Amino acid sequence: MFQEDTIAAIATAVGEGGIGIVRLSGSGALEIAGRIFKGIHGREVKDITSYQAAYGHIIDPDSRRMVDEVILLVMRGPASYTKEDVIEIHCHGGPIPLKNILALTLRMGARLAEPGEFTKRAFLNGRLDLAQAEAVIDVIRAKTDISLKMAMNHLTGNLSRAICGLRHNILELIAQLEAAIDFPEDDIEEVTAGQVDVAVRQILATLVKMMSTAQTGRILREGLETVIIGKPNVGKSSLLNALLGENRAIVTEIPGTTRDSIEEYINIRGIPLKVIDTAGIRDTNDKIEQIGVDKAREIMNRAGLILLMLDASRSLSAEDREVLGLIKEQPTLVLLNKSDLPSRLSQIELAPWVEDKQIIAISVTDGTGIEELEQAIVNLVYSGQVYQGDSVLVDNVRHVHALTQVKIHLEEVLNTIAANMPSDCIVIDLRAAWEKLGEITGDTVSEDIIDQIFSRFCIGK
Ligand SMILES: Nc1nc2c(c(=O)[nH]1)N(C=O)[C@@H](CNc1ccc(C(=O)N[C@@H](CCC(=O)O)C(=O)O)cc1)CN2
Ligand SMILES: Nc1nc2c(ncn2[C@@H]2O[C@H](COP(=O)(O)OP(=O)(O)OP(=O)(O)O)[C@@H](O)[C@H]2O)c(=O)[nH]1
Ligand SMILES: [K+]
Numbered sequence: 122m123f124q125e126d127t128i129a130a131i132a133t134a135v136g137e138g139g140i141g142i143v144r145l146s147g148s149g150a151l152e153i154a155g156r157i158f159k160g161i162h163g164r165e166v167k168d169i170t171s172y173q174a175a176y177g178h179i180i181d182p183d184s185r186r187m188v189d190e191v192i193l194l195v196m197r198g199p200a201s202y203t204k205e206d207v208i209e210i211h212c213h214g215g216p217i218p219l220k221n222i223l224a225l226t227l228r229m230g231a232r233l234a235e236p237g238e239f240t241k242r243a244f245l246n247g248r249l250d251l252a253q254a255e256a257v258i259d260v261i262r263a264k265t266d267i268s269l270k271m272a273m274n275h276l277t278g279n280l281s282r283a284i285c286g287l288r289h290n291i292l293e294l295i296a297q298l299e300a301a302i303d304f305p306e307d308d309i310e311e312v313t314a315g316q317v318d319v320a321v322r323q324i325l326a327t328l329v330k331m332m333s334t335a336q337t338g339r340i341l342r343e344g345l346e347t348v349i350i351g352k353p354n355v356g357k358s359s360l361l362n363a364l365l366g367e368n369r370a371i372v373t374e375i376p377g378t379t380r381d382s383i384e385e386y387i388n389i390r391g392i393p394l395k396v397i398d399t400a401g402i403r404d405t406n407d408k409i410e411q412i413g414v415d416k417a418r419e420i421m422n423r424a425g426l427i428l429l430m431l432d433a434s435r436s437l438s439a440e441d442r443e444v445l446g447l448i449k450e451q452p453t454l455v456l457l458n459k460s461d462l463p464s465r466l467s468q469i470e471l472a473p474w475v476e477d478k479q480i481i482a483i484s485v486t487d488g489t490g491i492e493e494l495e496q497a498i499v500n501l502v503y504s505g506q507v508y509q510g511d512s513v514l515v516d517n518v519r520h521v522h523a524l525t526q527v528k529i530h531l532e533e534v535l536n537t538i539a540a541n542m543p544s545d546c547i548v549i550d551l552r553a554a555w556e557k558l559g560e561i562t563g564d565t566v567s568e569d570i571i572d573q574i575f576s577r578f579c580i581g582k
């Protein structure tokens with residue numbers, strides 16, 4: 122199922138870099154490269170064996186002008202990333218050499234690749250399944266080492282294998298039931314329904330276990346949206362700076378498809394915290410009562426973690442009570458800052474406001490309680506089992522949605538069995554579950570969904 126046109130794109134990040142790469146993929150890749158590459162000692166592209174590089178120059182065949190000095194790498198399909206013929210031109214890593222070489226390949230007949238089109242071809246040509254292809258971009262966008270381990274785990278196919286295992290088990294049940302439908306001699310059917318019931322319950326248990334990893338998985342993949350809230354001067358900015366300083370901020374620039382944004386993450390023992398910026402609110406006015414309670418509520422509703430800060434060196438004020446009044450069901454850690462100063466905050470007065478929320482005494486100034494704060498965040502995210510990167514976590518909303526549907530279909534199977542309905546009714550829901558699972562690996566998925574997934578990739582990947 123090879124696509125005939127040859128695509129080209131800059132594979133490296135835009136901007137200044139040591140080396141830049143223009144990548145070509147498709148049946149015309151070698152020929153196009155052959156027309157613009159002059160290798161040392163007359164080395165020609167067609168004579169370079171797969172996974173060998175050659176030194177030479179890119180020459181514009183029309184003007185005979187030298188465009189850049191390069192190293193060219195040949196990967197012949199199907200032993201390439203896309204399974205097509207692939208050429209990489211490693212040039213000087215400036216935007217102008219890259220742009221000129223790309224333009225030249227386009228002039229020679231290549232087409233500019235769409236975002237994610239190389240990986241899309243790798244998927245369509247069977248190098249990767251859909252879950253693995255999605256992991257490629259997760260590897261690139263991983264925010265911490267742990268996020269990276271999780272993504273690599275998916276890239277190597279561990280999630281896919283788990284899904285395929287479930288699909289295999291469901292398909293076996295379908296086959297058994299259909300055999301019973303097609304050969305209804307004996308009263309084999311009743312026995313089979315009982316067996317199906319047991320088997321489906323087993324599959325459901327595995328499914329539920331997988332789904333239970335989704336919350337942690339999603340936090341590791343996307344970051345935990347965190348808001349630091351408290352009245353002016355309690356030490357919110359100081360805490361943010363302390364966390365940033367100790368844990369080295371990872372600033373990922375994601376030129377989003379919807380909006381250009383720079384997202385900042387704080388790495389708390391491998392957990393990426395995405396601190397929601399309340400600067401906009403703070404800039405206009407420093408007073409909590411002027412924030413507009415609605416706005417504060419909205420921010421807190423969006424947050425996955427609330428760090429509510431009080432000044433332990435002062436007694437509880439009306440402003441504090443207003444902030445405390447915003448506490449809801451969400452995970453909240455109550456931080457009593459400035460614990461280095463004499464305490465004036467009455468725990469008895471505070472208690473009814475915080476109920477079962479964890480309270481941590483900290484001092485940003487001398488570092489007291491920061492470790493405890495980090496540990497509390499770790500406990501919240503992992504709820505027990507710290508992720509070491511060795512097991513499969515479900516981390517992708519698309520996958521969670523599919524699994525939720527699968528669960529509904531399988532529960533329907535149990536209902537159908539309980540209602541003594543005929544086997545073909547059972548088969549309908551088993552088949553629906555089987556197909557839904559296939560959406561994750563891309564075995565049964567619409568072109569729309571495929572396009573949607575790859576459109577979120579960067580160009581050149
Ligand atoms: N220069 C370069 N680095 C890169 C990539 C690339 O395309 N180019 N990759 C991606 O963008 C990633 C590596 N992924 C790859 C995965 C498979 C194959 C591949 O061709 N595999 C062949 C093995 C070839 C052989 O046997 O020698 C195969 O499995 O058939 C290449 C890259 C990261 N680094
Ligand atoms: N003694 C002591 N002072 C602190 C501590 N943390 C912060 N401060 C001081 O408290 C003052 C306010 O700190 P900020 O971090 O600006 O407080 P904030 O909550 O961000 O204030 P706003 O930006 O006005 O909302 C500064 O003078 C800090 O140096 C602490 O743990 N102990
Ligand atoms: K401040």
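Each residue of the sequence shown is one higher than the one before, counting from 122 in this note's numbering.
Beta carbons are placed, not taken as given, at the ideal position from N, Cα and C, and that holds for glycine.
Just so you know, these numbers come straight off a predicted model, no measurement behind them.
Can you grab the Cα-Cα spacing for the pair residue i / residue j, in whole Å?
i           : j           : result
residue 135 : residue 216 : 7 Å
residue 75  : residue 242 : Because the chain spans 122 through 582 in this model, residue 75 falls outside it and cannot be assessed.
residue 525 : residue 281 : 17 Å
residue 570 : residue 560 : 9 Å
residue 319 : residue 294 : 11 Å
residue 254 : residue 272 : 10 Å
residue 233 : residue 129 : 5 Å
residue 131 : residue 322 : 49 Å
residue 191 : residue 184 : 18 Å
residue 344 : residue 279 : 22 Å
residue 540 : residue 555 : 22 Å
residue 490 : residue 456 : 9 Å
residue 579 : residue 239 : 10 Å
residue 573 : residue 341 : 22 Å
residue 360 : residue 335 : 29 Å
residue 276 : residue 346 : 25 Å
residue 141 : residue 388 : 29 Å
residue 562 : residue 520 : 9 Å
residue 229 : residue 423 : 50 Å
residue 477 : residue 438 : 21 Å
residue 482 : residue 460 : 6 Å
Between residue i and ligand 1, is there a pair consisting of the residue's CB and a ligand heavy atom that are separated by less than 7 Å?
i           : result
residue 89  : The displayed coordinates of the chain run from 122 to 582. Any statement about residue 89 would go beyond what the structure contains.
residue 587 : It is not possible to answer for residue 587, since the shown part of the chain is limited to 122 through 582.
residue 467 : no
residue 150 : no
residue 202 : yes
residue 473 : no
residue 196 : yes
residue 172 : yes
I'd like to confirm the pairing. Which residues does DSSP put opposite residue i in its beta bridges?
i           : result
residue 193 : 175, 210
residue 131 : 143
residue 426 : 347
residue 180 : 187
DSSP three-state label for residue i, please.
i           : result
residue 277 : coil
residue 346 : strand
residue 432 : strand
residue 232 : strand
residue 187 : strand
residue 496 : helix
residue 328 : helix
residue 403 : The predicted model places residue 403 with a pLDDT of 42, which falls under 50 and marks its position as unreliable, so this point remains unresolved.
residue 514 : coil
residue 246 : coil
residue 465 : coil
residue 204 : coil
residue 238 : helix
Name the two residues that bound the continuous beta strand (DSSP E) containing residue i.
i           : result
residue 158 : 158-160
residue 455 : 453-458
residue 167 : Careful: residue 167 lies outside any beta strand (DSSP E) and carries neither H nor E.
Is residue i near ligand 2, with its Cβ less than 7 Å from a heavy atom?
i           : result
residue 139 : no
residue 463 : no
residue 416 : no
residue 490 : no
residue 444 : no
residue 458 : yes
List the endpoints of the continuous alpha helix (DSSP H) containing residue i.
i           : result
residue 479 : No alpha helix (DSSP H) contains residue 479, which is instead part of the beta strand (DSSP E) from 479-482.
residue 556 : 544-562
residue 472 : 468-475
residue 576 : 568-576
residue 253 : 251-262
residue 442 : 439-445
So, is the C-beta of residue i closer than 8 Å to a C-beta in chain B?
i           : result
residue 132 : In summary, chain B is missing from the structure at hand, where a single protein chain is found.
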